[in-house]
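With the working numbering, letter number 5 in the sequence shown gets 242, and the count goes up by one each step, no holes.
By construction, the Cβ of each residue, glycine as well, lies at the ideal position given by its N, Cα and C atoms.
Treat the numbers as computed from the prediction; the structure is a model and nothing was measured.
Below is one structure, written out as structure tokens; comments come after it.
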Amino acid sequence: MQYIILVLIIVFSTHVGSVKADELVVKVVEPYADMHTGPAREFPIFNSIARGETITVIKSHTAWYKVRTADGIEGWVAQSALAATLDLNEQTLQLAESSFDGYQNRRWEFGVFAGKLNDVAALSVIAAWAFTDNIAAELSATQALGNFSDNRIWLVRVQHYTFPEWRVSPYFSIGAGQINTEPSATLVESGDESRVSDLLEVGVGVRYYLTQNFVARAEYKRLTALTARDELEELNQWTLGLSVVFLMGAAALLPVSDAFSQQSASPVIEPNLDRREIREADIDSENIEIGVFAGQISIEDFSTSSVVGVTLGYHVTENIFAEASYATATAGQTSFEILSGGAPFLTDEQRDYTYYDLSVGYNFNGELFLTEGHVFNTDFFLTLGGGSTDFGDESQFTVTLGAGYRVLLTDYFALRLDVKDHIFNSELIGEEKNSHNLQYTLGATYFF
Numbered sequence: 238m239q240y241i242i243l244v245l246i247i248v249f250s251t252h253v254g255s256v257k258a259d260e261l262v263v264k265v266v267e268p269y270a271d272m273h274t275g276p277a278r279e280f281p282i283f284n285s286i287a288r289g290e291t292i293t294v295i296k297s298h299t300a301w302y303k304v305r306t307a308d309g310i311e312g313w314v315a316q317s318a319l320a321a322t323l324d325l326n327e328q329t330l331q332l333a334e335s336s337f338d339g340y341q342n343r344r345w346e347f348g349v350f351a352g353k354l355n356d357v358a359a360l361s362v363i364a365a366w367a368f369t370d371n372i373a374a375e376l377s378a379t380q381a382l383g384n385f386s387d388n389r390i391w392l393v394r395v396q397h398y399t400f401p402e403w404r405v406s407p408y409f410s411i412g413a414g415q416i417n418t419e420p421s422a423t424l425v426e427s428g429d430e431s432r433v434s435d436l437l438e439v440g441v442g443v444r445y446y447l448t449q450n451f452v453a454r455a456e457y458k459r460l461t462a463l464t465a466r467d468e469l470e471e472l473n474q475w476t477l478g479l480s481v482v483f484l485m486g487a488a489a490l491l492p493v494s495d496a497f498s499q500q501s502a503s504p505v506i507e508p509n510l511d512r513r514e515i516r517e518a519d520i521d522s523e524n525i526e527i528g529v530f531a532g533q534i535s536i537e538d539f540s541t542s543s544v545v546g547v548t549l550g551y552h553v554t555e556n557i558f559a560e561a562s563y564a565t566a567t568a569g570q571t572s573f574e575i576l577s578g579g580a581p582f583l584t585d586e587q588r589d590y591t592y593y594d595l596s597v598g599y600n601f602n603g604e605l606f607l608t609e610g611h612v613f614n615t616d617f618f619l620t621l622g623g624g625s626t627d628f629g630d631e632s633q634f635t636v637t638l639g640a641g642y643r644v645l646l647t648d649y650f651a652l653r654l655d656v657k658d659h660i661f662n663s664e665l666i667g668e669e670k671n672s673h674n675l676q677y678t679l680g681a682t683y684f685f
């Protein structure tokens with residue numbers, strides 16, 4: 238699973254050098270439009286744009302757009318304010334809104350799920366493509382970490398939505414894939430071997446549209462493993478998760494007469510109108526955040542070590558974001574090893590400490606005042622997630638709790654201070670307990 242996270246981070250990072258989108262010039266038709274210092278309601282209003290003034294749309298972040306006035310003043314306006322504008326040809330700017338109506342035009346979907354595979358905790362990531370409103374193809378990867386084995390599952394699935402227009406929409410799925418079962422180290426020594434089995438899957442689920450590009454999904458899957466012993470092994474998987482969806486287009490310009498005609502009654506004689514042309518407005522969006530970090534992690538019973546890692550996040554709204562992270566460290570010695578000077582408790586290879594986690598965060602937006610002329614937008618945020626930790630020849634399901642502070646030096650570059658606790662069940666020192674591993678890091682991130 239950690240390799241999948243790394244691949245996703247690398248793939249998204251390739252877009253950093255993509256070609257910049259064209260800027261769009263529009264005219265305000267409402268009495269005024271408020272400009273905020275940052276892309277959120279919590280940031281103060283510092284300027285108002287009067288009716289008839291033209292503004293240049295530079296880029297977007299979640300449901301906010303950065304604009305520049307004719308006087309060169311730059312700030313952020315809400316999507317609702319930008320929607321009430323005309324272009325220089327008197328055409329209405331119609332945005333692909335982050336609403337339930339816009340959600341109907343979804344195509345790509347990425348999600349994170351947690352649940353149970355039989356009685357074992359499981360974590361899944363998915364990527365899906367909607368061919369039509371009713372049918373979607375999905376690729377999923379699951380890791381289930383038990384006391385006796387580590388199970389990795391990948392599936393290719395087809396989903397059918399019976400009522401895609403419903404906010405609460407049920408669906409059915411069928412699929413196929415493989416399961417790779419790796420026994421724990423003690424079972425390997427006893428002669429048990431890893432095995433790979435083909436899988437068939439049938440499932441049922443329901444999805445609920447939450448807000449903007451965010452949906453929740455609950456799902457049950459019945460998995461049938463075709464083992465090498467020519468026996469069928471039945472597995473039950475229950476999952477609950479969150480997904481981010483991507484819409485078909487960003488913005489379109491429609492003739493203003495067409496927009497008004499939708500509100501008027503149909504005439505007795507239909508006029509002979511030319512087919513309208515819809516032009517996509519290519520507006521830069523900066524919702525993806527990629528970063529690197531370094532710091533210290535206190536591995537319980539194994540002292541404090543240096544840790545380095547990478548993160549990949551997606552900001553769904555001005556407050557909600559999802560994030561994946563991967564990091565590595567090398568554990569130090571236990572107090573027993575230091576005091577006794579005897580044989581090492583773990584080998585050098587077993588001291589490698591790596592983890593990945595997938596989390597959901599909430600931003601509390603604010604500002605940092607350094608001097609009268611130096612003010613930076615900031616976010617204090619909380620995170621909750623789950624993942625896997627590989628340490629001492631064991632893979633353990635891990636719950637993560639975190640908090641952090643983000644300072645945006647520019648619209649696209651930020652510094653972050655994070656504190657995170659990695660909690661997992663461990664028996665490395667002979668007794669079973671919940672191991673708390675506190676991590677303190679400083680990082681830099683880039684929005685694109």
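Proximity winner among Asp538, Ser543, Glu537, relative to Phe530 (alpha-carbon distances)
Position 293 of the sequence shown holds residue 530. Here the closest residue by C-alpha is Ser543.
Helix, strand or coil for Glu419? Go by DSSP, reduced to three states.
Residue mapping note: residue 419 aligns to position 182 of the sequence shown, counting from 1. Strand at Glu419.
Are Gly680 and Gly442 touching if we call contact CB-CB under 7 Å?
Your numbering for residue 680 matches position 443 in the sequence shown. Your numbering for residue 442 matches position 205 in the sequence shown. Gly442 sits away from Gly680, with the two beta carbons spaced by 7 Å or more.
Buried or exposed: Arg454, going by 16 or more other Cβ atoms within 10 Å of its Cβ?
Translated into positions along the sequence shown, residue 454 becomes position 217. By the 10 Å Cβ count, Arg454 comes out buried.
With Leu583 as the anchor, note down where its alpha helix (DSSP H) starts and where it stops.
Your numbering for residue 583 matches position 346 in the sequence shown. No alpha helix (DSSP H) holds Leu583; DSSP gives it neither H nor E.
Selection from Glu560, Phe483, Lys458 that minimises the alpha carbon distance to Ala365
Residue mapping note: residue 365 aligns to position 128 of the sequence shown, counting from 1. Out of Glu560, Phe483, Lys458, Phe483 has the C-alpha closest to the C-alpha of Ala365.
Kindly provide the ranges of any beta strand (DSSP E) runs that are 3 or more residues long and lie completely inside the stretch 603-675, ordered along the chain.
611-628, 631-645, 650-663
Helix, strand or coil for Ala287? Go by DSSP, reduced to three states.
For this step, residue 287 is matched to residue 50 along the sequence shown. Three-state DSSP puts Ala287 in a strand.
For Thr635 and Gln570, what's the separation of their Cα atoms in angstroms?
Residue 635 sits at position 398 when you count from the first residue of the sequence shown. Residue 570 sits at position 333 when you count from the first residue of the sequence shown. Rounded to whole angstroms, Thr635 to Gln570 spans 22 Å at the Cα level.
As assigned by DSSP and simplified to three states, the class of Ser410:
In the sequence shown, residue 410 corresponds to position 173, counting from 1. Reduced to three states, the DSSP call for Ser410 is strand.
Cβ distance (whole Å) where Glu419 is taken to contact Asp387 below 8 Å
Counting from one through the sequence shown, the residue named residue 419 turns up at place 182. Counting from one through the sequence shown, the residue named residue 387 turns up at place 150. Contact holds; Cβ gap of about 4 Å.
Under 8 Å, with one C-beta from each stretch per pair, do the stretch 344-352 and the stretch 310-324 reach the 3-pair mark?
no
Taking only the alpha-carbon atoms, compute the straight-line gap between Leu436 and Thr626 and give it to the nearest angstrom.
Residue mapping note: residue 436 aligns to position 199 of the sequence shown, counting from 1. Residue mapping note: residue 626 aligns to position 389 of the sequence shown, counting from 1. Each residue's Cα considered, the two are about 26 Å apart.
Considering only residues of the same chain and omitting the five flanking positions on each side of Gly412, which have a CB-CB separation below 6 Å?
Taking the first residue of the sequence shown as 1, we reach residue 412 at position 175. Closer than 6 Å at Cβ, skipping near neighbours: Leu392, Val393, Arg394, Glu438.
Alpha-carbon spacing of Ser663 relative to Arg305, whole angstroms:
On the sequence shown, position 426 is the one that residue 663 refers to. On the sequence shown, position 68 is the one that residue 305 refers to. The straight-line gap from Cα to Cα measures roughly 55 Å.
The beta strand (DSSP E) with Ala564 in it runs from where to where?
As a first step, residue 564 is located in the sequence shown; it is residue number 327 there, counting from the start. 557-567 is the extent of the beta strand (DSSP E) around Ala564.
Please look up how many angstroms separate the CB atoms of Thr299 and His552, rounded, as I've assumed it's under 8 Å.
Your numbering for residue 299 matches position 62 in the sequence shown. Your numbering for residue 552 matches position 315 in the sequence shown. Correct: roughly 5 Å between the Cβ atoms.
Using a Cβ-Cβ cut-off of 7 Å (strictly less than) and excluding sequence neighbours within five positions of His659, which residues of its own chain qualify?
Numbered from its first residue, the sequence shown carries residue 659 at position 422. Closer than 7 Å at Cβ, skipping near neighbours: Tyr592, Thr626, Thr635, Thr637, Asn674, Gln676.
Residue from Leu479, Gly603, Arg288, His611 whose Cα sits closest to the Cα of Val362
The residue given as residue 362 occupies position 125 in the sequence shown. It is Leu479 whose Cα lies nearest to the Cα of Val362.
Measure the C-alpha to C-alpha separation of Thr678 and Gln533 and round it to an integer number of angstroms.
Taking the sequence shown and counting its residues from 1, the one referred to as residue 678 is at position 441. Taking the sequence shown and counting its residues from 1, the one referred to as residue 533 is at position 296. Each residue's alpha carbon lies about 6 Å from the other.
Buried or exposed for Pro581, please, with buried defined as at least 16 other CB atoms from any protein chain shown within 10 angstroms of its CB.
For the purposes of this step, residue 581 is taken as residue 344 along the sequence shown, with counting starting at 1. Under this definition Pro581 is an exposed residue.
Measure how close the beta-carbons of Leu605 and Val644 come, nearest whole angstrom, since I'm counting them as under 8 Å.
On the sequence shown, position 368 is the one that residue 605 refers to. On the sequence shown, position 407 is the one that residue 644 refers to. Confirmed, about 6 Å.
Measure from the alpha carbon of Phe283 to the alpha carbon of each residue in Gly639, Met272, Ile292, then state which is nearest.
Counting from one through the sequence shown, the residue named residue 283 turns up at place 46. When each option's Cα is compared against that of Phe283, the closest is Met272.
Is Asp616 buried or exposed, if buried means 16 or more other CB atoms sit within 10 Å of its CB?
Locating residue 616 in the sequence shown gives position 379, counting from the first residue. By the neighbour-count rule (16 or more Cβ atoms within 10 Å), Asp616 is buried.
Quick one: residues in its chain with C-beta nearer than 7 Å to the C-beta of Lys670, no 5 flanking neighbours on either side, listed in chain order?
Your numbering for residue 670 matches position 433 in the sequence shown. Closer than 7 Å at the Cβ level, and outside the excluded window around Lys670, lie Ser663.
So, with DSSP's three-state summary, where would you put Ser317?
Mapped onto the sequence shown, residue 317 falls at position 80. Reduced to three states, the DSSP call for Ser317 is helix.
Do you know offhand how far Phe280's Cα is from Tyr599's?
Along the sequence shown, read from residue 1 onward, the residue named residue 280 stands at position 43. Along the sequence shown, read from residue 1 onward, the residue named residue 599 stands at position 362. Roughly 16 Å separates the two Cα atoms.
Kindly indicate which three-state DSSP category Gln474 falls into: helix, strand or coil?
Translated into the one-based positions of the sequence shown, residue 474 becomes position 237. For Gln474, the secondary structure class from DSSP, reduced to helix, strand or coil, is strand.
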